[in-house]
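Asker: In the order they appear, the protein sequences are chains A and B. By this note's numbering, the letter at position 56 of the first sequence is numbered 56, and the numbering carries on one by one without gaps. By this note's numbering, the letter at position 245 of the second sequence is numbered 245, and the numbering carries on one by one without gaps.
Number of protein chains: 2
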Amino acid sequence: MKLVDLFDHFLIDLDGVVYVGDKPTVGAEETLKALRQFGKRLIFLTNDPRGSSRDYSEKLKKMNIQAGPDDVITSGMAIAHYIKEHYQLNQKKAYVVGSPALKEEIEQIGIKLSQGEDGRKADFVIVGGHSEFHYEELKYATLAIRNGAHFFATNRDPVFPAPEGLVPGTGAILASIEVASGKKAITAGKPEPIMFEVAKKVLSSQERTAIIGDRLDTDIVGGKRVGIKTILVLSGSTKQDEIPKSEIKPDYVINDLRDLLKEQAPITKPQVSNKSETPNSKP
Amino acid sequence: MKLVDLFDHFLIDLDGVVYVGDKPTVGAEETLKALRQFGKRLIFLTNDPRGSSRDYSEKLKKMNIQAGPDDVITSGMAIAHYIKEHYQLNQKKAYVVGSPALKEEIEQIGIKLSQGEDGRKADFVIVGGHSEFHYEELKYATLAIRNGAHFFATNRDPVFPAPEGLVPGTGAILASIEVASGKKAITAGKPEPIMFEVAKKVLSSQERTAIIGDRLDTDIVGGKRVGIKTILVLSGSTKQDEIPKSEIKPDYVINDLRDLLKEQAPITKPQVSNKSETPNSKP
Chain A
1 MKLVDLFDHF LIDLDGVVYV GDKPTVGAEE TLKALRQFGK RLIFLTNDPR GSSRDYSEKL
61 KKMNIQAGPD DVITSGMAIA HYIKEHYQLN QKKAYVVGSP ALKEEIEQIG IKLSQGEDGR
121 KADFVIVGGH SEFHYEELKY ATLAIRNGAH FFATNRDPVF PAPEGLVPGT GAILASIEVA
181 SGKKAITAGK PEPIMFEVAK KVLSSQERTA IIGDRLDTDI VGGKRVGIKT ILVLSGSTKQ
241 DEIPKSEIKP DYVINDLRDL LKEQAPITKP QVSNKSETPN SKP
Chain B
1 MKLVDLFDHF LIDLDGVVYV GDKPTVGAEE TLKALRQFGK RLIFLTNDPR GSSRDYSEKL
61 KKMNIQAGPD DVITSGMAIA HYIKEHYQLN QKKAYVVGSP ALKEEIEQIG IKLSQGEDGR
121 KADFVIVGGH SEFHYEELKY ATLAIRNGAH FFATNRDPVF PAPEGLVPGT GAILASIEVA
181 SGKKAITAGK PEPIMFEVAK KVLSSQERTA IIGDRLDTDI VGGKRVGIKT ILVLSGSTKQ
241 DEIPKSEIKP DYVINDLRDL LKEQAPITKP QVSNKSETPN SKP
């Protein structure tokens, strides 16, 4: 049996699964092509709030992977959806500490953006990691939140890999604003359920859905929280020997995306058998 | 009996005790003058790492309060002393995320400063709040610490009062670097003992020494940790009704500095009598 046959929908993390930095992972191009030919629905998820769905769609196209903007959900898009659904936005203003893509995402749900000093009077503060972060943003975000603004962030990843090494991500910038404001933000990115909820709305059904990710603490934890099957792929940040040490147990573990299509299961799934044995072994 | 008669040395917090922002507190000028006339040794302490001892000395002079640079200990000066005493500095480089005053303080102990991208190769990272903080600093500090640099900060105060409201302090900026680096900094400011240790070295003896401060969580906790008497003054951030609610019990509570000199004790010291009763009431 092939792993692919168990599912109709795949939520697929990008960095570490489909590519690492700017390089596609082994077998990504041909495997994703095959999945589409089998009629599988593919939705790509990324916690990285620096680009728009369109940006990621174009990045994938350059790697010969076909994915329209509608097939990509970013953490920025997810938090924008969440705000739109839960708050009255009429006449409201948002102060966005983040990339141009995040600002656009927030504007698209119908909130006006506050600029500079006006930020302190905003009704919403939305934080996403970006490389132009500076003290003024930290200050106006803090003043707005202390003044009662609702407080959100795209995700909590403390660092992300860059050519120079692990560099500060949204989680680091967010920490400064949380410490100064004394408040905790609502976040959307994996492992939080908000991003998965947005993905679910795109899908016709949550049945036969799996998430494929390279991180136990975001992709796998997140999938488990919303009750879908989880596939850990070892092409990114998690190494084989970390799996037994972790309390987080994915349903399936594969070496790279090609394993989805292999007849002779190369899949290690010790966790699943352990889990199903436990109830059976009850007296 | 006057409270002043119990002590020969006073460690005096600045903001909230001697002044609030740019305004001297009630009775500060005449009380401090009287203390000097009685031959008391006064040392001023501030967690604010944005100015040098000289800057604070000048600020005090403008308020008619005589205090030379040697009478003022800043958190920047304290962390610089600490580094000088505990590390070999020969050929070492420091990346300072902080004000020009902090950079000068660090240079004066004989470490060369790294600038810009060179920061990532620094042997020491020293953080102090400043209004020019930006992502590049966050990134180079993170890379240096992840690369093994020793990690320090002046203090952990999350916010400080400004005309606009409570704005982010060193603690907020520090949080972003701690989250991204996965490491905790050694800090000098109150309530940490480092600042008090530096003050002790200036004094001939620690006997008959008291700290006068307006914050329970920094001044009073810090004084208790190093075993000196603590005097809470209500001219700053702590209000009378917060005292019974707090677990932190100052030895004395006064309304403003003038109470130090009053014959008819206006001093509330319920905590001291409670404390001394507890052991006596044991069977």
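Beta carbons are placed, not taken as given, at the ideal position from N, Cα and C, and that holds for glycine. Please read all numbers here as calculations on a predicted model, not as lab measurements.
1) Rounding to the nearest angstrom, what Cα-Cα distance links Arg50/A and Gly21/A in this structure?
2) So which residues of chain B does Ser75/A contact, with C-beta pairs closer than 7 Å?
3) Strictly below 8 Å CB to CB, what residues from chain A border Phe10/B?
4) Does the Cβ-Cβ distance between Tyr135/B and Glu164/A come in under 8 Å?
5) Confirm, please, whether the CB-CB distance from Lys262/A to Lys2/A is below 8 Å.
6) Write down the C-beta distance between Ile177/B and Val127/B rounded to the nearest angstrom, noting that I regard them as a contact closer than 8 Å.
7) Do we get a CB-CB distance below 8 Å when we pair Ser99/B with the residues of chain A?
8) Listed in chain order, which residues of the segment 152-163 of chain A have Cβ atoms closer than 8 Å to some Cβ of chain B?
9) Would you call Asp5/B buried or exposed, if buried means 16 or more other Cβ atoms sit within 10 Å of its Cβ?
10) Give me the Cβ distance between Ala122/A and Tyr95/A, rounded to the nearest whole Å; I'm assuming they're in contact under 8 Å.
11) Which residue marks the beginning of the beta strand (DSSP E) containing Lys200/A, and which one marks its end?
12) Three-state secondary structure (DSSP) at Lys59/B?
13) Report yes if the CB atom of Asp214/B is closer than 8 Å to the CB atom of Gly16/B, and no otherwise.
14) Would you check if the segment 53-62 of chain A and the segment 174-191 of chain A touch, i.e. whether three or more CB-CB distances between them fall below 8 Å?
15) For Lys23/B, count neighbouring Cβ atoms within 10 angstroms of its own Cβ and tell me buried if that reaches 16, exposed if not.
16) Which residues in the same chain as Gly143/B place their Cβ atom closer than 6 Å to its Cβ, once the five residues preceding and following it in sequence are excluded?
17) With a threshold of 6 Å on Cβ separation, who are the neighbours of Glu105/A within its own chain once the five nearest residues in sequence on each side are excluded?
18) Is Thr284/B close to chain A, meaning its C-beta is less than 8 Å from at least one C-beta of that chain?
19) List, in chain order, every chain A residue whose beta-carbon is nearer than 7 Å to that of Arg179/B.
20) Kindly indicate the opening and closing residues of the alpha helix (DSSP H) around Ala101/A.
21) Who are the neighbours of Arg146/B on chain A, taking C-beta pairs under 9 Å?
22) Can you say whether Gly169/B is buried or exposed, counting buried as having 16 or more other CB atoms within 10 angstroms of its CB?
23) For Asp259/B, name the three-state secondary structure that DSSP assigns.
24) Compare the C-beta of Tyr135/A with all C-beta atoms of chain B and state if any pair is closer than 8 Å.
Answerer: According to the data block:
1) Residue mapping note: residue 50/A aligns to position 50 of the first sequence, counting from 1. Residue mapping note: residue 21/A aligns to position 21 of the first sequence, counting from 1. Distance between the alpha carbons of Arg50/A and Gly21/A is about 14 Å.
2) By one-based count along the first sequence, residue 75/A stands at place 75. Those within 7 Å of Ser75/A in chain B number zero; the least Cβ separation is about 17 Å.
3) If you number the second sequence from 1, residue 10/B lands on position 10. Going along chain A, no residue has its Cβ under 8 Å from Phe10/B, so there is no contact; the nearest lies around 31 Å.
4) If you number the second sequence from 1, residue 135/B lands on position 135. If you number the first sequence from 1, residue 164/A lands on position 164. No, Cβ-Cβ distance for Tyr135/B and Glu164/A is not below 8 Å.
5) Working through the first sequence from its first residue, we reach residue 2/A at position 2. Working through the first sequence from its first residue, we reach residue 262/A at position 262. Against a cut-off of 8 Å, the Cβ pair of Lys262/A and Lys2/A comes out as a contact.
6) Here the question's residue 177/B lines up with position 177 in the second sequence. Here the question's residue 127/B lines up with position 127 in the second sequence. Sure, about 6 Å apart at Cβ, within 8 Å.
7) Counting from one through the second sequence, the residue named residue 99/B turns up at place 99. Ser99/B does not count as touching chain A.
8) Pro158 and Val159
9) Stepping through the second sequence from its first residue, residue 5/B is reached at position 5. When all chains shown are included, Asp5/B counts as exposed.
10) Within the first sequence, the letter at position 122 stands for residue 122/A. Within the first sequence, the letter at position 95 stands for residue 95/A. Going by Cβ atoms, the distance from Ala122/A to Tyr95/A rounds to 4 Å, so yes, they are a contact pair.
11) Stepping through the first sequence from its first residue, residue 200/A is reached at position 200. Per DSSP, Lys200/A belongs to no beta strand (DSSP E); it is in the alpha helix (DSSP H), Pro193 to Val202.
12) What you label residue 59/B is simply residue 59 of the second sequence in a count that begins at 1. Looking at Lys59/B - three-state DSSP - the assignment turns out to be helix.
13) In the second sequence, counting from the first residue as 1, residue 214/B sits at position 214. In the second sequence, counting from the first residue as 1, residue 16/B sits at position 16. Yes. Within cutoff.
14) no
15) On the second sequence, residue 23/B is found 23 positions in, with the first residue counted as 1. Answer is exposed; the Cβ neighbour count stays below 16.
16) Reading the second sequence from its first residue, position 143 is the one you call residue 143/B. Checking the displayed sequence, the identity of residue 143/B turns out to be Leu instead of Gly. Excluding sequence neighbours, Leu143/B sits near Arg120.
17) Here the question's residue 105/A lines up with position 105 in the first sequence. So the qualifying residues of the chain are Gly76, Met77 and Ala80.
18) Examination of residue 284/B is not possible in this model, given that chain B is present from 1 through 283 alone.
19) Here the question's residue 179/B lines up with position 179 in the second sequence. What sits at residue 179/B in the sequence shown is Val, not Arg. Going along chain A in sequence order, the residues near Val179/B (Cβ under 7 Å) are Pro158, Gly171, Ala172 and Ala175.
20) Within the first sequence, the letter at position 101 stands for residue 101/A. That run of the alpha helix (DSSP H) goes Pro100 to Gln108.
21) Translated into the one-based positions of the second sequence, residue 146/B becomes position 146. Those within 9 Å of Arg146/B in chain A are Val159, Gly165 and Leu166.
22) Against the second sequence, residue 169/B aligns to sequence position 169. That one is buried.
23) To locate residue 259/B, count along the second sequence from 1; it is residue 259. The answer is helix: DSSP assigns Asp259/B an H, G or I state.
24) In the first sequence, residue 135/A corresponds to position 135, counting from 1. Yes, Tyr135/A lies at the interface with chain B (some Cβ there is under 8 Å from its Cβ).
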